[in-house]
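Please read the structure below before turning to the comments.
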Amino acid sequence: MTTPPTVVAGINFGDAAFAATVQDGVARIEQLMDAELRGADEVMAESVLHLFAAGGKRFRPLFTVLSAQIGPRPDAPEVIVAGAVIELVHLASLYHDDVMDEAEVRRGAPSANLRWSNSVAILAGDYLFATASRLVSQLGPDAVRIIADTFAQLVTGQMRETRGVPEDAGSIEQYLKVVYEKTGCLIGSAGRLGGLFAGAHAEQVERLSRLGGIVGTAFQIADDIIDIDSDSTKSGKLPGTDVREGVRTLPMLYALRETGPDSERLRALLAGPVDNDAEVVEALALLRASPGMAKAKQVLAQYAAQAGGELALLPDGPGRDALAALVDYTTNRHG
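Quick note, the sequence shown lines up with residues 18 to 352 if you use the working numbering.
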């Protein structure tokens, strides 16, 4: 099926010329990343290009480009560098996440740790972080500090998830904090850097950063819901991945707080990873029927409302309209 000219990354911006501008910005970010990674030493190149070549949503570069539309210089070359930095940090974190999670597939391809080894995957991730650091140095000390702070939050979120706090293990607040640190903060930085280097006013830059954090957190919550409640032919994602891997997501945390026979059975099923197909189907059915699913959707709606509040105070124009379309896509794609 041919993608309509108004659509980029599944989001309909309603204007073919504007969509082409956005697509061009994302393509320029990809071209810069490709050039940087292909310039790596021969011993590094194949592994560091592995996940980049596998594709992906490019959600963070897209958010950088859209945020830049709020400023008077949306085509500034620094915006492209900033988008590449953000996506390189994201890719690097995926290499390391796959090692810690012992993942075998990423973006439809064998993970780097499976294809080569944990050591190769870790070193490839390190190289991507180094490449991001080299690029961000072109943007000045403020950008370097922003990325350093973001990196620290990413690592803190991963540590929080890895070690946990026993008394907060099933805490909704703990979950949302981890999601913000691992996902929201990087998209917040995409908004901050996109607005900053496009010349947006300081208040607008702060608003774009907050909007990115909200959108990033909402994106993960929507993913949680999709993993339980979706039709795989529409979402492109096999339902029950989180159940199989023993990952506690927001709908699960709410469902596990419920009482009654169904909740007791669900607690037994979700005590660890579920590798029996029949039990996965049973767990998904119980989760779909649980009030926990409705509560997770309510939280997602609250994030959508927060995003709407930030959007309302951005200047009227194509940039704000495009960000509104992205928010709508993010918060409503779960069905």
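Every residue, glycine too, gets a C-beta built ideally from N, C-alpha and C.
- Runs of the alpha helix (DSSP H) lying entirely within the segment 61-108, each at least 4 residues long, are 76-85 in chain order.
- In the DSSP secondary-structure assignment, R123 is bridged to A126.
- Around the CB of A329, fewer than 16 other CB atoms lie within 10 Å, so the residue is classed as exposed.
- N349: member of the alpha helix (DSSP H) spanning 335-349, first to last residue.
- Minimum Cα-Cα distance from L287 among the listed residues A313, A311, D259 corresponds to D259.
- Within the same chain, and ignoring the five residues on either side of G216 in sequence, the residues whose Cβ sits closer than 6 Å to its Cβ are G88, P89, R90.
- Contact check for E104 and M50: beta-carbon distance about 6 Å, within the 8 Å limit, so the pair qualifies.
- If you compare the alpha carbons of K312, R209, V298, G257 with that of S84, the shortest gap goes to R209.
- Annotation: the continuous alpha helix (DSSP H) that includes N135 extends over 135-153.
- Here the segment 158-174 makes no contact with the segment 67-83; the two share fewer than three CB pairs at distances below 8 Å.
- In the DSSP assignment, S226 falls within the alpha helix (DSSP H) that extends over 219-246.
- For A300, the closest of P256, Q315, G211 by C-alpha to C-alpha distance is P256.
- Of the other Cβ atoms in all chains shown, 16 or more fall within 10 Å of the Cβ of K314; this residue is therefore buried.
- Annotation: the continuous alpha helix (DSSP H) that includes P268 extends over 267-272.
- Following the DSSP letters along the chain, one finds T173 inside the alpha helix (DSSP H) bounded by residues 158-180.
- When the five nearest sequence neighbours on each side are left out, the beta carbons in the same chain lying within less than 7 Å of the beta carbon of P290 are those of R261, E262, G263, in order along the chain.
- The DSSP-derived three-state label of V196 is helix.
- Rounded to whole angstroms, the gap between the alpha carbons of V316 and S206 is 23 Å.
- The straight-line gap separating the alpha-carbon atoms of A147 and V106 is approximately 9 Å.
- For D345 and D338, the gap between their C-alpha atoms comes out near 11 Å.
- Non-local C-beta neighbours of L79 in its own chain, meaning closer than 6 Å and more than five positions away in sequence, comprise A26, V43, ordered along the chain.
- Per DSSP, F214 is one residue of the alpha helix (DSSP H) stretching across 202-214.
- Counting C-beta atoms within 10 angstroms of its own C-beta, Q221 has 16 or more neighbours from the protein chains shown and is therefore classed as buried.
- Secondary structure at V24: strand, using DSSP grouped into helix, strand and coil.
- Within the DSSP secondary-structure output, N293 pairs in no beta bridge.
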